[in-house]
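Sequence lines, in order, name chains A and B. Residue 76 in the working numbering sits at position 4 of the first sequence; the count goes up by one each step and never skips. Residue 1461 in the working numbering sits at position 127 of the second sequence; the count goes up by one each step and never skips.
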Amino acid sequence: MEWHTAVVSPRGVWWKPAGRQERLWIMIAFAWCMVLFAMMPFWHLKGGQNPSGIRSRVETKAFAVRVERFIQDYQVGEEAGIPVVAPPPGSDVYLQATMWAWKPVLQLEEGASYVLHISSLDVNHGFSLYPANINFQIVPGYDYGLEITPNSVGEYKILCNEFCGINHHQMLGKVIVVPPGTTAGAVGGER
Amino acid sequence: MSKPSLTDVILRRCPVTGLGVDPHAERFIKLHAVVAVVTFLVGVVAAILLALTRWQAVHLLPADWYYRLLTAHGLNMLIFFIIFFEIAILYFAGPVALSSRLPAPRFGWLVFGLMVAGAVLVDVMVFAGKADVLFTSYVPLRAEPPYYLGIILFAVGALLGVGHFFAALVVAKREKSYEGSVPLVTFGGLTAAIIAVITLLHGAAVYIPTYFWSLGLMNMDPQVYRLIWWGLGHSSQQINVAAMVAVWYLLAGLTVGAVVLNEKISRWAFVLYIGFISMASAHHLLVDPGMGPAWKVWNTSYAMYLAVLASMIHGFTVPAGIELGQRLRGFVKGRFGWLKKAPWSDPGFSGMFLSLLIFGFLGGITGVTVGTEQINIIAHNTLRIPGHFHTTVVGGTALAFMALTYYLLPLIFRRKVAFWGMAKLQPYVFAAGITTMSMGMTFAGVFGVPRRHWDISFSQAPFTMEFPPAVDLLMALVGLGGVTAAIGGLMYILVAVKSVFFGEKLDLERLEPRMAGVPQGVAKLPAQVHSGPAAEAVHEGGTPGTVVLVFVFLAVFVLYYFTNWKLLSMIWKIG
Ligand code: HEM
Ligand SMILES: [Cu+2]
Ligand SMILES: [Cu+2]
C-alpha cells in the first residue's frame, strides 16, 4: 500500500473500500442527516409552529383597501396616531407594512386563534414580534396568512428586521394581548 | 512529482514541492491575491465602524453611513475579497498543481480587467451613496443602474476566469503534465469551479433583468428576485465551502504531510456538494410567503441533507488525515500526542486547524439548525444569521485563505513572511475575535435582536421598546470581538503587504529548517508519500484521537439542535 497527501496525483486504482472508522462515521453521519430531515415533516404533523400559512398573491392596492375596511370594522382607539383594532377571536386580521410603519395596532386575546394576514405596500419588510421572537419575511405583492394563537397576556412590539430604507430602524408596531373574553365590546364580534 | 515534459521549458521547477510553475499563472495568482487583500482592507475598515455602531453604548456611525458601510462591507468581503482569492486558488489548483502551462495568458488579463473594473464601479457607486440597498439589493429597493452593471462586469470576469481553469485542466490532460488522476486538491478546486458556473448563471439570470428593471424597462417580482438572487447568494457559499475544504486538504498536506484516508470517499463528498447545491437557496426563503412547505422542506435539506453529510465526511477525513500524517512523522503518543505536537506556531497550520474547528463546531452546527424550516421562525433576520455566517465564511473560509497566504508568500511570491512574530499570532487573534463576535451575535439573536439595524434603542420610533440588559452585554461582545477580529485582519494585511512589496527575497534552493519568516512546511516539506511496513503499522492503528473529536462534535450538534426545537415549541402556536 501507498499513502499520499492531497497534492499528489493518485496512481493506479484508488477506488478502494473505506477504512473501518471512516465507514462507521459515515453511517452515523448519514443516520443523523435522516433525523435532521425527518424532524421537519414530523413537526408539520405534530408540532405547533410551522411557517406554512395561507399564501396568495395580492395587489398592493387591494390589500390596502382590505386593511382600511378591517380598521373601520374593529377600531377601538388610537395610539401614537395609529389606529388600535380589536378583532373578534377567530377572525381574519390584517397588518400592513409600509416605509416605515406597521398598521394598525392589534389587540388580541390570549388563547384565541386568528388568521394574521401580513403584506407590504412598497418594499420587503421583516415581521419580528418581540419578545416572542417570531420572524417572517414580508414581500410586496404576497399575502402571508398565518394562523396564530397568542399564548400569554402582555404588550408585544413588532420590529422590522429587513432593511427597508433609511428609516428602517424607526419602524415599530405594537400588539396587545389581553385576557380571554376581553374583546366583547368590539363591533361585529362573533363567538 | 511528474516527469519532465515539453512544457518544462517554460516552467519554473519549484525546489520545495517539485511542481512546475508557469510564470503567467504565477503572475495572475499574485495579481488576484493582491487585489483580494485590497478589497479585504476596505471590508475590514467598514467592519470596525459597523461593530462599533452595533455596540449600542458606542453607536459610532450616523444611520445613513451605517447602512452604506454595511452595503460596502458585504460586497467587498463576501463578493470581491472571496472571489478574487478563489480565482487565485484556481490558478494554483489548475496549472500549478498539475505542473502545466496556462492556456491563454492574454485571456487572463481580460478576466482580471473585467473583475477589477466591475469591483471599482460598484464601490464608486456605493461610496457615492447611489446604492444604499445592502449587498442583497432586494427589489424594489433600487440602486442607480451602473451599480448593477458593475456587478455584471465582475461576474462575467469571474465566469471567464473559471472557464480558463477548465481550459487549463484540458491542456494539462492533453499534454500529460501529470500521471494518474488529478490530485484531490485539484478535484476540490474543480468542484468549486463547477458550482461557480451554476452560481454565476443564477447571477446572470437575476442581475441582467434587474439592470433593465433599474432602467425602467421591465418589471421584477420581488419574490422571484429573492428566489433567484439566493440561487446566486447561497450557491456561492458552497463555492466557498468547497474551496475552503480544498485548502484544508492542501495545507494539511504541506504542513504536516496529512494523508488522504481514502480518495474515493473524499471525492464522493465533493461530488455531493455539486449535486445538491442549487437547492440551497431555500435556506433564505423558509419564512417567505411565496413558497409552500413541501418545497421548503425538500430544498432546504438539499435533498435530505446530503451536502451536510458531505461536510461531515470532510470533517472526519481532514483531521483524521492530519492525525495519520502526524503519526507517520513519529508523533504516536496516546490519543492526542499528534495534536499536542502539531506545529502550532506555523500560521499555515494553526490557521487551517482553527478554521476547521470554527467552521465545524460553530458554523456548521448553527447553520444546519437555523436553516431548519421551522426553527428559522425564531432566527430569520435576527443577529443569529450574521452570527452564523461569520463562523462559516469568515472564521472558516477567510481564515483558511489567510493560512494559505503564509504558504503562497514563500512558494509563489518567493518572499519571506514579514513580521514573522506577528504572523504567527495572527490566526489566533482573528479566530478569537470572530468567535467572540459571533457568539455575541448568536445569543443576542436569541432575544430577537435584528440584524441590519442601526438603532435597537428605538429612540425615534412611535413606541418605546427596550431589550433586556443582557443584550447590552452581548452587543458589547459584538463590539469588542469585532474590533479584535478587525485587528487580526489588519495584522494579516500588514504581513501580506510588507512581504509582497518590501519583503526579503527568498531563495528556495537554500532553505534551512527553522528559518524566521519561513513556515516549517516550506523550510522542510514533510514526506508527501508513504509506504512500507512502518506506514502499514500506523494505518493499522487508525485515528483514535479524531474519533473522540467527531463524537464530541456530534454530541454538541445534537444538544444544540434539540435545544432549538425546545425554544421553538415555547412560542405562540403558528401554522
Ligand atoms: C474582519 C472581521 C469582520 C468583522 C469585525 C465583521 C463584522 C461585521 C458586522 C458588525 C456586521 C454587521 C451586522 C449587522 O449589523 O447586521 C457584518 C455584516 C456582514 N459581514 Fe462581516 N465582519 C468581518 C469580516 C467579514 C468577512 C471576511 C466577510 C465575508 C467573507 C463578512 C461578511 C459579512 C456579510 C455578508 C455581512 C452582512 C451584510 C448585510 O447584512 O447586508 N464579514 N460584519
Ligand atoms: Cu420595514
Ligand atoms: Cu425595515
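All C-beta atoms in this analysis are idealised placements derived from N, C-alpha and C, irrespective of residue type, glycine included. The structure displayed is predicted, hence computed values, not measured ones.
Residues that DSSP places opposite residue i in a beta bridge
i: residue 169/A; result: 174/A, 192/A
i: residue 246/A; result: 229/A
i: residue 1715/B; result: Paired residue(s): none; residue 1715/B is not in a bridge.
i: residue 1354/B; result: 1347/B
i: residue 1839/B; result: 1749/B
8 angstroms Cβ cutoff met for residue i and residue j
i: residue 1833/B; j: residue 1743/B; result: yes
i: residue 1433/B; j: residue 1345/B; result: yes
i: residue 1390/B; j: residue 1799/B; result: no
i: residue 1479/B; j: residue 1548/B; result: yes
i: residue 1767/B; j: residue 1818/B; result: yes
i: residue 1588/B; j: residue 1741/B; result: yes
i: residue 1971/B; j: residue 1449/B; result: The structure shown does not extend to residue 1971/B, since chain B is modelled only from 1335 to 1909, so the question has no answer here.
i: residue 1452/B; j: residue 1415/B; result: no
i: residue 1737/B; j: residue 1851/B; result: no
i: residue 1481/B; j: residue 1464/B; result: yes
i: residue 1301/B; j: residue 1387/B; result: Past the edges of chain B, shown from 1335 to 1909, lies residue 1301/B, and the structure says nothing about it.
i: residue 1699/B; j: residue 1730/B; result: no
i: residue 1599/B; j: residue 90/A; result: yes
i: residue 78/A; j: residue 1425/B; result: no
i: residue 1831/B; j: residue 1805/B; result: no
i: residue 1607/B; j: residue 1558/B; result: no
i: residue 1407/B; j: residue 1384/B; result: yes
i: residue 1595/B; j: residue 1523/B; result: no
i: residue 1902/B; j: residue 1709/B; result: yes
Ligand 1 heavy atom lying under 7 angstroms from the CB of residue i
i: residue 112/A; result: no
i: residue 1407/B; result: yes
i: residue 1381/B; result: yes
i: residue 1618/B; result: no
i: residue 1724/B; result: yes
i: residue 1415/B; result: yes
Contact belief for residue i with residue j at Cβ below 8 angstroms, rounded distance in angstroms
i: residue 1597/B; j: residue 86/A; result: 4 angstroms
i: residue 1785/B; j: residue 1717/B; result: 5 angstroms
i: residue 1525/B; j: residue 1431/B; result: Incorrect: roughly 14 angstroms between the Cβ atoms, too far for contact.
i: residue 1828/B; j: residue 1748/B; result: Not a contact, Cβ separation roughly 20 angstroms.
i: residue 206/A; j: residue 1906/B; result: 6 angstroms
i: residue 229/A; j: residue 202/A; result: 5 angstroms
i: residue 1362/B; j: residue 1442/B; result: 5 angstroms
i: residue 1685/B; j: residue 1734/B; result: 7 angstroms
i: residue 94/A; j: residue 1670/B; result: Actually they are not in contact, since the Cβ atoms of residue 94/A and residue 1670/B sit about 19 angstroms apart, beyond 8 angstroms.
i: residue 177/A; j: residue 245/A; result: 7 angstroms
Residue i CB to nearest heavy atom of ligand 3 below 7 angstroms
i: residue 1714/B; result: no
i: residue 1649/B; result: no
i: residue 199/A; result: no
i: residue 150/A; result: no
i: residue 235/A; result: yes
i: residue 1775/B; result: no
i: residue 243/A; result: yes
i: residue 232/A; result: yes
Nearest to residue i (by Cα), restricted to the options the options
i: residue 134/A; options: 213/A, 148/A, 196/A; result: 213/A
i: residue 1580/B; options: 1485/B, 1558/B, 1550/B, 1604/B; result: 1604/B
i: residue 127/A; options: 1437/B, 1561/B, 1624/B, 1679/B; result: 1624/B
i: residue 1705/B; options: 1617/B, 1815/B, 1455/B, 1752/B; result: 1617/B
i: residue 180/A; options: 98/A, 97/A, 211/A, 250/A; result: 250/A
i: residue 1775/B; options: 1898/B, 1721/B, 1382/B, 1402/B; result: 1721/B
i: residue 88/A; options: 102/A, 75/A, 104/A; result: 75/A
i: residue 168/A; options: 151/A, 182/A, 190/A, 238/A; result: 190/A
i: residue 1352/B; options: 1420/B, 1511/B, 1619/B, 1876/B; result: 1511/B
i: residue 117/A; options: 1500/B, 1627/B, 1468/B, 1470/B; result: 1627/B
i: residue 1368/B; options: 1420/B, 1593/B, 1673/B; result: 1420/B
i: residue 1857/B; options: 1864/B, 1846/B, 1863/B; result: 1846/B
i: residue 1641/B; options: 1561/B, 1571/B, 1591/B; result: 1571/B
Contact test: residue i Cβ vs ligand 2 heavy atom, cutoff 7 angstroms
i: residue 240/A; result: yes
i: residue 140/A; result: no
i: residue 1795/B; result: no
i: residue 1397/B; result: no
i: residue 136/A; result: no
i: residue 1861/B; result: no
Residue i beta carbon near ligand 5 (any heavy atom closer than 7 angstroms)
i: residue 172/A; result: This structure simply doesn't include ligand 5; it includes ligand 1, ligand 2 and ligand 3 instead.
Select from the segment 1715–1746 of chain B all residues with a C-beta closer than 8 angstroms to any C-beta belonging to chain C, and list them in chain order.
Among the chains of the structure shown, chain C does not appear; the protein chains present are A and B.
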